[in-house]
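Numbering that gives the first Met the number 0 applies: residue 0 is where the sequence shown begins, and numbers increase by one. Glycine is no exception: its CB is placed at the ideal position from the N, C-alpha and C atoms. In this text the structure is predicted, and so the values were computed from the model without any measurement. Following: one structure in structure tokens, then a few remarks.
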Amino acid sequence: MQIELLETFLDLVETRSFNRSAERLGVTQSTVSARIAALETALGARLFDRSRAGTEPTMEGRRFEPHARSLRHEWNEARRRIRVPGEAAHLVRLGIQNDLAAQHIGEWVADFRRAIPDAAFYIEPDYSTQMCADLLTGLQDFAVMFAPKPHPDLHFTNVGELPYVMVSSHTDRRAEVAPDSFVFAHFSNAFEAMHRELLPELAGAPVSVGQSATVAALLNAMGGAGYVLEKTAQQMIATGRFRLVVDAPVLRQPVYAAMHLRHRISPMHRRLLRIVQRHFGAR
């Protein structure tokens with residue numbers, strides 16, 4: 000069975016639209032239709048009903064969906080595991096939230112290699128949505144992220160939290176922070192909601208970004224105020240150009256380890272989880 004048939008089926012289950020799936024997959028609508036027809040022929044069952052109201056999976060389509068996800072995951076894992084570099088026994092692909100990578104990647108990877116010395120590691124800093132998608136498809140083995148996307152095939156464990164503090168180029172008092180020079184941070188949906196709730200007077204800032212390093216770069220270039228990682232704040236304050244806004248609340252971003260559900264009891268994945276938990280002080 001061609002993997003493109005499974006990818007097309009699963010995308011259509013999500014979009015409920017042949018046209019939308021064609022756009023997302025970068026193919027024509029007729030190609031989507033042909034792939035679904037080929038899959039239906041191979042399975043001997045109709046997978047979708049099309050009407051003016053839209054496209055809906057049939058009962059057989061709904062039954063096939065978890066098997067399709069599993070087949071896609073196994074296919075991608077198999078492809079990765081036969082392409083192990085050098086003398087390594089296996090390849091481990093890790094996804095790490097961008098801000099976490101900036102702060103922890105060196106010490107984590109050193110511990111990962113000590114714990115699994117016969118493995119080769121491929122590490123990719125990324126955002127939560129993409130990491131969840133890669134775990135689902137088997138393109139990643141393990142990820143540490145800010146925003147878990149609930150899915151029946153994914154397993155998440157809260158491992159700790161990451162503190163962010165406000166710095167400013169011109170004041171150490173919250174009341175003196177000007178909204179027009181504030182850089183609003185949206186590191187995750189939960190962080191953005193907390194930010195807006197606790198500091199509503201700054202929610203209308205003209206610039207909004209999703210990475211601590213970008214906030215720091217903008218502040219270094221333009222001045223102003225914003226939330227950055229605690230360690231980044233210390234470095235910025237040490238230059239003498241910035242001050243800690245002492246009465247601004249510390250915003251704490253929850254952090255989660257994630258893996259495919261089938262890996263939650265794997266010895267390797269459990270070792271990786273324990274290492275991340277240890278670095279956050281979780282029990």
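Query raised in the report: For Asn157, which option in Val143, Phe17 and Ser168 has the closest C-alpha, if you only look at C-alpha atoms?
Result: Within the sequence shown, the letter at position 158 stands for residue 157. Answer by Cα proximity: Val143.
Report task. Scan the region 180-262 and note each continuous alpha helix (DSSP H) run of 4 residues or more that stays entirely inside, going in chain order. Result -> 188-197, 211-221 and 229-237
Query raised in the report: If you follow the alpha helix (DSSP H) that Gly105 is part of, which residue opens it and which one closes it?
Result: As a first step, residue 105 must be located in the sequence shown, where it is residue number 106. Element bounds for Gly105: Asn97 to Ala114.
Requested in this report: Would you kindly work out how many angstroms separate the C-alpha atoms of Glu200 and Glu123, rounded to a whole number?
Outcome: Residue numbering aside, residue 200 sits at position 201 when the sequence shown is read from its first letter. Residue numbering aside, residue 123 sits at position 124 when the sequence shown is read from its first letter. Cα to Cα, the separation comes out at about 36 angstroms.
Report task. Give the C-beta separation of Asp125 and His259 to the nearest angstrom, bearing in mind that I take them to be a contact with Cβ-Cβ under 8 angstroms. Result -> Here residue 125 corresponds to residue number 126 of the sequence shown, with the count starting at 1. Here residue 259 corresponds to residue number 260 of the sequence shown, with the count starting at 1. 16 angstroms between Cβ atoms; not a contact.
Query raised in the report: Does the count of Cβ pairs from the region 268-282 and the region 178-191 closer than 8 angstroms reach three?
Result: no
Query raised in the report: Span of the beta strand (DSSP E) holding Ser50?
Result: What you label residue 50 is simply residue 51 of the sequence shown in a count that begins at 1. It spans Phe47 to Ser50 - the beta strand (DSSP E) in which Ser50 sits, taken as one unbroken run.
Requested in this report: Would you kindly work out how many angstroms separate the C-alpha atoms of Thr170 and Leu198, rounded to a whole number?
Outcome: Sequence index remark: in the sequence shown, residue 170 carries index 171 (1-based). Sequence index remark: in the sequence shown, residue 198 carries index 199 (1-based). Going by the C-alpha atoms only, they are around 16 angstroms apart.
Query raised in the report: Going by DSSP, what residues sit across from Tyr126 in a beta bridge?
Result: Position 127 of the sequence shown holds residue 126. In DSSP, Tyr126 forms no bridge with anything.
**Report entry** Identity of the residues DSSP links to Ser167 by a beta bridge
**Finding:** By 1-based counting over the sequence shown, the position of residue 167 is 168. Bridge partners of Ser167: Ala224 and Arg242.
Query raised in the report: Should the region 115-122 be regarded as contacting the region 225-236, the criterion being three or more beta carbon pairs within less than 8 angstroms?
Result: no
Requested in this report: Assign Thr40 to one of three DSSP states: helix, strand, or coil.
Outcome: Taking the first residue of the sequence shown as 1, we reach residue 40 at position 41. Thr40: helix per DSSP, three-state reduction.
Query - Assigned secondary structure, Leu24 (DSSP; H/G/I helix, E/B strand, else coil) - result: Position 25 of the sequence shown holds residue 24. DSSP places Leu24 in helix when its eight states are reduced to three.
**Report entry** Where His154 falls: helix, strand or coil (DSSP)
**Finding:** In the sequence shown, the residue the question calls residue 154 occupies position 155. Note: His154 maps to strand in three-state DSSP.
Query raised in the report: If you drop the 5 nearest sequence neighbours on each side, which residues of the same chain put their C-beta closer than 6 angstroms to that of Ala299?
Result: This structure cannot speak to residue 299, because the chain is shown only from 0 to 282.
Requested in this report: Measure the alpha-carbon distance for Leu90 versus Phe141 and round it to whole angstroms.
Outcome: The sequence position of residue 90 within the sequence shown is 91, counting from 1. The sequence position of residue 141 within the sequence shown is 142, counting from 1. Cα to Cα, the separation comes out at about 12 angstroms.
Query raised in the report: Taking Cβ positions, are Arg15 and Gly53 nearer each other than 7 angstroms?
Result: For this step, residue 15 is matched to residue 16 along the sequence shown. For this step, residue 53 is matched to residue 54 along the sequence shown. Yes, they are a contact pair.
Query raised in the report: Going straight from the alpha carbon of Trp74 to that of Val249, what length do you get?
Result: Looking up residue 74 in the sequence shown gives position 75. Looking up residue 249 in the sequence shown gives position 250. In a straight line, the C-alpha of Trp74 is about 44 angstroms away from that of Val249.
Query raised in the report: What are the partner residues of Arg92, as DSSP defines its beta bridges?
Result: In the sequence shown, the residue the question calls residue 92 occupies position 93. Answer by DSSP bridge pairing, in chain order: Tyr121.
Query raised in the report: Whose C-alpha, out of Arg251, Ala237, His150 and Ile95, is nearest the C-alpha of Met139?
Result: Position 140 of the sequence shown, counted from the first residue, corresponds to residue 139. Correcting the residue identity first, residue 139 is Gln in this sequence and not Met. Ranking the options by Cα distance to Gln139, first place goes to Ile95.
Query raised in the report: By Cβ distance below 6 angstroms, which residues in the same chain neighbour Asp110 in space, the five residues on each side in sequence not counted?
Result: Within the sequence shown, numbered from 1, the residue matching residue 110 stands at position 111. Excluding residues within five positions, the ones whose Cβ falls inside 6 angstroms are Ile274.
Query raised in the report: For Val214 versus Val206, is the C-beta distance shorter than 7 angstroms?
Result: Counting from 1 along the sequence shown, the entry for residue 214 is found at position 215. Counting from 1 along the sequence shown, the entry for residue 206 is found at position 207. Cβ atoms of Val214 and Val206: not closer than 7 angstroms.
Requested in this report: Check Pro266 in the structure and name its three-state DSSP category.
Outcome: For the purposes of this step, residue 266 is taken as residue 267 along the sequence shown, with counting starting at 1. Helix.
Query raised in the report: Would you say Ser20 and Val12 are within 7 angstroms of each other, going by their C-beta atoms?
Result: Here the question's residue 20 lines up with position 21 in the sequence shown. Here the question's residue 12 lines up with position 13 in the sequence shown. No, they are not a contact pair.
Query raised in the report: Count the other CB atoms within 10 Å of the CB of Pro149; is the residue buried (16 or more) or exposed (fewer)?
Result: In the sequence shown, residue 149 corresponds to position 150, counting from 1. Exposed, because fewer than 16 other Cβ atoms sit within 10 Å of the Cβ of Pro149.
Query raised in the report: Going by alpha carbons, who is nearest to His278 out of Leu134, Arg251 and Leu99?
Result: Reading the sequence shown from its first residue, position 279 is the one you call residue 278. The residue with the shortest Cα to Cα distance from His278 is Leu99.
**Report entry** Environment of Val227 [buried if 16+ CB atoms lie within 10 Å]
**Finding:** Locating residue 227 in the sequence shown gives position 228, counting from the first residue. Val227 comes out buried.
Query raised in the report: Do the CB positions of Leu38 and Phe8 come within less than 7 angstroms of each other?
Result: As a working mapping, residue 38 is identified with position 39 in the sequence shown. As a working mapping, residue 8 is identified with position 9 in the sequence shown. Yes. Within cutoff.
Query raised in the report: Within 10 angstroms of its Cβ, does Ile35 collect 16 or more other Cβ (buried), or is it exposed?
Result: As a first step, residue 35 must be located in the sequence shown, where it is residue number 36. Ile35 is buried by the Cβ-count criterion.
Query raised in the report: By how many angstroms is the C-alpha of Glu106 removed from the C-alpha of Gly222?
Result: Within the sequence shown, numbered from 1, the residue matching residue 222 stands at position 223. Within the sequence shown, numbered from 1, the residue matching residue 106 stands at position 107. Distance between the alpha carbons of Gly222 and Glu106: 32 angstroms.
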